[in-house]
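To start, the structure itself, in structure tokens.
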Amino acid sequence: MAPDTHGLLSNDTDAQLRQLYEAMRPQHLYPLWEVLGALVTPTPRAPTVAAKWEYATARAHLMRAGDLISAEKAERRVLILENPGTPGTAGITTSLYAGLQMILPGEVAPCHRHSQSALRFVMEGHGAYTAVDGEKAVMNPFDLVLTPNWQWHDHGNTTDHAMIWLDGLDIPTVRHFDASFAEHLGQPAHPETVRPGDSSARYGHNMRPMRGTAADRRPAHQPLFHYPYPQWRASLAALAAAETPDPWIGHALEFINPADGGAIMPTISAHVRLLPTGFETKPRRSTDGTVLVVVEGHGHARVGDREFTLSERDVIVVPSWDEVTIQAGSDLVLFGYSDRTAQEKLGLYRERRA
Ligand code: GTQ
1 MAPDTHGLLS
11 NDTDAQLRQL
21 YEAMRPQHLY
31 PLWEVLGALV
41 TPTPRAPTVA
51 AKWEYATARA
61 HLMRAGDLIS
71 AEKAERRVLI
81 LENPGTPGTA
91 GITTSLYAGL
101 QMILPGEVAP
111 CHRHSQSALR
121 FVMEGHGAYT
131 AVDGEKAVMN
141 PFDLVLTPNW
151 QWHDHGNTTD
161 HAMIWLDGLD
171 IPTVRHFDAS
181 FAEHLGQPAH
191 PETVRPGDSS
201 ARYGHNMRPM
211 RGTAADRRPA
221 HQPLFHYPYP
231 QWRASLAALA
241 AAETPDPWIG
251 HALEFINPAD
261 GGAIMPTISA
271 HVRLLPTGFE
281 TKPRRSTDGT
291 VLVVVEGHGH
301 ARVGDREFTL
311 SERDVIVVPS
321 WDEVTIQAGS
331 DLVLFGYSDR
341 TAQEKLGLYR
351 ERRA
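Residue numbers for the sequence shown follow UniProt numbering, so the first one is 1 and each next one is one higher.
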């Protein structure tokens with residue numbers, strides 16, 4: 001028996017609490033006071049970790065997959081870039097997914113649609129297409145192509161070479177809300193509805209067909225789905241020529257949905273940046289875990305306590321609230337996507353510039 005009554009009492013209370021926990025467990029009842037600090041944290045504690053995928057390594061495995069399975073059989077021939085901190089989730093961040101998709105000459109990745117929104121960022125190859133509701137976007141390196149949620153899409157390759165792109169989807173977000181629906185069209189490709197590039201002509205030049213006319217044919221909330229590399233690269237070059245870079249970000253442009261001037265899709269924001277040779281960003285954190293692709297140049301990134309060299313087509317992931325600095329060894333051009341727009345809508349987004 002313990003000599004100290006106070007200790008005895010509290011030991012006794014502890015034992016009774018443990019008994020209470022055991023008695024409650026079959027009814028699926030748990031004491032908040034044991035876990036409150038872990039649930040409501042003072043700052044984000046992402047389970048994801050900073051990581052890098054070298055393009056050449058991933059590409060070699062993707063090529064091997066190309067020997068072993070067709071796009072038709074696979075439905076989508078994709079290697080998932082899964083965050084090492086969250087095995088089994090297929091997420092690269094807590095809310096987003098990334099994959100490298102390949103389509104070989106003559107193949108079609110069959111037409112389907114789903115609740116998940118997707119972006120494609122082209123890594124290599126010229127001239128294969130993604131068709132959205134029967135309209136082809138002919139893809140070239142570093143083009144951004146969207147397949148907004150519930151729009152039919154198939155991918156095809158009528159060229160003589162492999163085409164590889166990065167898929168960015170909101171798969172974990174849709175899973176979080178238990179809101180996933182998907183359908184197959186039942187034929188490999190959607191019948192062609194208009195000529196390739198039609199949407200860009202109608203909606204991609206700060207104009208739109210007059211409302212109420214038949215020419216206004218795309219869904220009003222999501223009219224544009226192709227953002228070609230030559231256009232965004234020229235805009236970024238003009239910005240870089242005109243002024244000094246933002247100390248925390250570099251020169252940066254966000255892709256927008258012309259329907260509302262907001263992010264490209266309801267759950268995913270995307271941007272490009274240019275860091276001039278020798279430039280180093282000041283440390284910054286943000287709540288939107290971000291996937292970055294090196295488009296051009298080389299450099300170095302520090303993400304939390306991890307260091308990465310950056311070469312063309314490498315992919316890195318920055319978890320929520322990890323401090324980031326990026327150094328440009330040459331003019332360094334990056335493409336990035338995150339859930340920033342979703343967090344802004346929910347009133348959650350924060351950043352800190354040190
Ligand atoms: O191309 O539709 O990487 O549905 C994952 C799911 C690509 C696609 C992915 C998909 C797609």
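For glycine and all other residues, C-beta sits at the position ideal for the given N, C-alpha and C.
- A distance criterion of 8 Å places the beta-carbon of Tyr-30 beyond contact range of the ligand GTQ, judged by its closest non-hydrogen atom.
- Closer than 8 Å to some heavy atom of the ligand GTQ: that does not describe the Cβ of Tyr-337.
- Excluding residues up to 5 positions away in sequence, Gly-134 lie with their Cβ nearer than 6 Å to the Cβ of Glu-192 in the same chain.
- Taken from the Cβ of Thr-48, every heavy atom of the ligand GTQ lies 8 Å or farther away.
- Looking at the DSSP output, Thr-290 shares a beta bridge with Val-318 and Ser-338.
- Secondary structure in the segment 200-268: the beta strand (DSSP E) runs of 3 residues or longer, each lying completely within the stretch, are 251-254 in chain order.
- Thr-130 and Ala-301 have their C-alpha atoms roughly 32 Å apart.
- Nearest to Ser-200 by C-alpha distance, out of Val-174, Ala-182 and Gln-231, is Gln-231.
- Secondary structure within the segment 92-128: the beta strand (DSSP E) runs of 3 or more consecutive residues, fully enclosed, are 97-103, 108-114 and 118-124 (chain order).
- For the pair Thr-281 and Ile-326, the CB atoms are nearer than the 9 Å cut-off.
- Its Cα nearest to that of Glu-296, the residue Arg-273 stands out among Arg-273, Arg-285 and Val-303.
- Contact between Asp-160 and Pro-228 does not hold, since their C-beta atoms are separated by about 22 Å, which reaches or exceeds 8 Å.
- In the DSSP assignment, Thr-309 is bridged to His-300.
- Going by DSSP, Ala-137 is part of the beta strand (DSSP E) stretching over 135-138.
- The three-state reading of DSSP puts Ile-326 in strand, counting E and B together.
- About 16 Å separates the beta carbons of Ile-69 and Arg-59, which is beyond the 8 Å limit, so they are not a contact pair.
- In this structure, Gln-343 has its CB at a distance of at least 8 Å from all heavy atoms of the ligand GTQ.
- Within the same chain, and ignoring the five residues on either side of Gly-329 in sequence, the residues whose Cβ sits closer than 6 Å to its Cβ are His-298 and Gly-299.
- Note that the segment 84-102 touches the segment 41-58; at least 3 beta-carbon pairs, one per stretch, sit closer than 8 Å.
- Where Val-78 is concerned, there is no enclosing alpha helix (DSSP H), although the beta strand (DSSP E) around it starts and stops at 78-80.
- In this chain, the beta strand (DSSP E) harbouring Ile-164 covers 163-169.
- Here the distance from the Cβ of Val-40 to the nearest heavy atom of the ligand GTQ is not below 8 Å.
- Ranked by how close their Cα comes to the Cα of Asp-246, the residues Pro-42, Ile-80, Arg-353 and Tyr-55 have Arg-353 in first place.
- Pairing Leu-292 with Val-318 gives a Cβ-Cβ distance under 9 Å.
- Linking Gly-204 to Phe-225 through their CA atoms gives a straight-line distance of about 9 Å.
- Between Asp-339 and Ser-95, the gap from beta carbon to beta carbon is short of 9 Å.
- At a Cβ-Cβ threshold of 9 Å, Gly-99 and Leu-81 count as neighbours.
- No Cβ-Cβ contact shorter than 9 Å links Ala-90 with Ile-164.
- When C-alpha distances from Leu-146 are compared across Pro-188, Ile-268, Gly-261 and Ala-65, the shortest belongs to Ile-268.
- Taking 8 Å as the cut-off, the C-beta of Val-78 counts as close to a heavy atom of the ligand GTQ.
- The ligand GTQ has a heavy atom closer than 8 Å to the beta-carbon of Thr-147.
- According to the DSSP assignment, His-61 belongs to no beta strand (DSSP E) but to the alpha helix (DSSP H) extending over 55-68.
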